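Residues 166 to 504 (the working numbering) make up the sequence shown, in order.
Read the structure below first, then the notes.
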Amino acid sequence: MVSTTEIAKYAGVSQTTVSRVLNKPDQVKKETYDKVMAAITEWGYSAEPKEKIEELKAAKTIRILASANDPIIYQGAMQEIVNSAAEQGMLVNIHVFAAGDKEAVYNELAAQGTAGVIVSSVSIEEELAEKLKQSRIPSVLLNEGYSEHGYSVSLDYSEAGYLAASHFIDSGHQEIAWIGGPLDSEMNKDSLLGFVHALQANNHKIRKKRLVVTKQDKVSLYAAFESLMVLKKKPTAIVAASDNIAIQLMEFLQIAGIEAPQDLSIIGIGNSEEAGHPYNELTSVGISATNEELGKDAISLLFQGMDGEDPELRHIKKKVVLVDRQTTMPLLVKKGSKS
């Protein structure tokens, strides 16, 4: 089906104007209205029925579908979503699912009275994406970089991977590894791409054995950790695709009698509250804005979708910064000292 973006481009107007023509025609000049409607007729665009929009507005529940291992950073956005929904007289139901529990997720999508859906840290597989599309319920993806079936808000994971790798390169590290989850997740894929781009930009050799893609359970992560520790040239630095993975790796280091950061430096991605906990003091890359801003962006996009609008900025990637704590050090600094 043709999108409002294509209609706007063909008619020579903005997406916002097309949205107004479809939803608030009384606010558009007749000349503009005629131009957009001519484009819609020629392209065969089928707008969302007015009855469907009214049905969504009448529904009083927003559903948040969250993964059981949802990064803490995104939990910080939930309160803002709940508060904003309450201001509109709406309820928020948060449903937490175990990994792979597809049927439960699908059942919640089909639940009656759903005005909109925010999917947080649930891998968007083809089946779920199709369910979202078929439901015609507005959806926002929180924590993934992209979804053609709705809107999304996330860290700029590509920039995060680039920034983490660059930090190690600038600190004199040569043997740098990356560990992350399956690449069907945009956050993992973008993080890895950013990491590789940083190595390329600095003329570092890319060694496939140091790019480890694994499941994120403890057993799989330990196997991934061991695969790096048996290399002839062991890494002196690791970029983990999430804080959760980085913190788990730190536990493995302790078990193996390897000191961090003297023997091996680690950077996570997310800058969660857990990363900053005194017990962890994990160096991490996270958003430069507050966690609440993620919630504001997500609920704002969702409200626009519920109103039948198609915002020009469908996919928001938040700027990131590196927060240097106690798990990294320059390679040339002697053991026992920290600069």
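Glycine residues also receive a C-beta, built at the ideal position from the N, C-alpha and C atoms.
The structure displayed is predicted, hence computed values, not measured ones.
For residue j and residue i, the rounded distance between their alpha carbons
| i | j | result |
| --- | --- | --- |
| GLU171 | LEU466 | 20 Å |
| ALA342 | GLY473 | 45 Å |
| SER407 | GLY435 | 6 Å |
| LYS174 | GLU196 | 16 Å |
| LEU487 | ASP355 | 17 Å |
| SER304 | LYS397 | 47 Å |
| MET471 | GLY422 | 54 Å |
| LEU256 | THR226 | 5 Å |
| LYS200 | GLY281 | 31 Å |
| GLY346 | ALA176 | 43 Å |
| GLY451 | ILE246 | 20 Å |
| GLN491 | GLU324 | 22 Å |
| ILE283 | LEU496 | 42 Å |
| ASP428 | ILE412 | 16 Å |
| MET494 | SER331 | 13 Å |
| TYR387 | VAL395 | 12 Å |
| ILE229 | PHE360 | 31 Å |
| GLN409 | GLY433 | In the sequence on display, residue 409 carries Asn and not Gln. Computed Cα separation, rounded: 8 Å. |
| GLU416 | LYS374 | 22 Å |
| LEU358 | GLY326 | 7 Å |
| VAL186 | ARG479 | 19 Å |
| ALA252 | ALA463 | It should be pointed out that residue 252 corresponds to Glu in this sequence rather than to Ala. Between GLU252 and ALA463, the C-alpha separation is close to 15 Å. |
| ALA440 | VAL193 | 50 Å |
| GLU207 | THR182 | 18 Å |
| ASP489 | ILE344 | 19 Å |
| PRO214 | THR279 | The pLDDT assigned to PRO214 is 48, lower than 50, so where the model puts this residue is not dependable, and the model offers no usable value. |
| GLN365 | ALA425 | 26 Å |
| THR455 | GLU446 | 19 Å |
| HIS260 | LYS484 | 28 Å |
| HIS442 | ILE431 | 15 Å |
| LEU348 | TYR198 | 44 Å |
| LYS383 | MET202 | 56 Å |
| VAL378 | ALA231 | 23 Å |
| ALA141 | LEU414 | Missing from the structure shown is residue 141; the chain here goes from 166 to 504 and no further. |
| SER517 | ASN308 | The question about residue 517 has no answer, for the chain in this structure spans 166 to 504. |
Beta carbon proximity, residue i to chain E, threshold 8 Å
| i | result |
| --- | --- |
| ARG375 | Of the protein chains in this structure there is only one, and it is not chain E. |
Beta-bridge pairing of residue i - partner residues as DSSP gives them
| i | result |
| --- | --- |
| ALA329 | Looking at the DSSP assignment, ALA329 forms no beta bridge with any residue, so it has no partner. |
| SER285 | ALA231 and LEU307 |
| ASN248 | Paired residue(s): none; ASN248 is not in a bridge. |
| HIS260 | LEU230 |
| SER430 | ALA402 |
| THR492 | Per DSSP, none; premise fails for THR492. |
Under the three-state DSSP convention, the category residue i falls into
| i | result |
| --- | --- |
| THR448 | strand |
| LEU376 | strand |
| VAL178 | coil |
| GLY345 | strand |
| LEU357 | helix |
| LYS397 | coil |
| LEU320 | strand |
| SER385 | helix |
| LYS505 | There is simply no residue 505 to check, as the chain begins at 166 and stops at 504 in what is shown. |
| ILE172 | helix |
| ALA203 | helix |
| ALA242 | helix |
| GLU216 | In this prediction, GLU216 has a pLDDT of 45, which is less than 50 and means its spatial position is unreliable; nothing more can be read from the coordinates. |
| ALA440 | coil |
| ALA280 | strand |
| MET255 | coil |
| SER225 | Here residue 225 turns out to be Lys, not Ser, going by the sequence shown. In the structure shown, LYS225 sits in coil (DSSP, three-state: anything other than H, G, I, E or B). |
| LYS195 | helix |
| VAL183 | helix |
| ALA506 | The requested residue 506 is not part of the displayed model; the chain covers only 166 to 504. |
| ALA363 | helix |
| GLN339 | coil |
| GLU351 | helix |
| ILE518 | With the chain covering 166 to 504 only, the question about residue 518 has no answer from this structure. |
| ILE371 | coil |
| ILE302 | coil |
| LYS503 | Any reading at LYS503 must be qualified, since the residue scores a pLDDT of 44, below 50, and its modelled position is unreliable; no value is offered. |
Contiguous beta strand (DSSP E) assignments of at least 3 residues, all confined to the stretch 452-481: Runs of the beta strand (DSSP E) inside the stretch 452-481: none found.
Meets three-Cβ-pair contact criterion under 8 Å: the stretch 374-391 and the stretch 322-338: By the C-beta criterion, the stretch 374-391 is judged not to be in contact with the stretch 322-338, since fewer than 3 inter-stretch pairs fall below 8 Å.
Sufficient close CB pairs (3 or more, under 8 Å) joining the stretch 452-466 to the stretch 315-323: A contact exists between the stretch 452-466 and the stretch 315-323.
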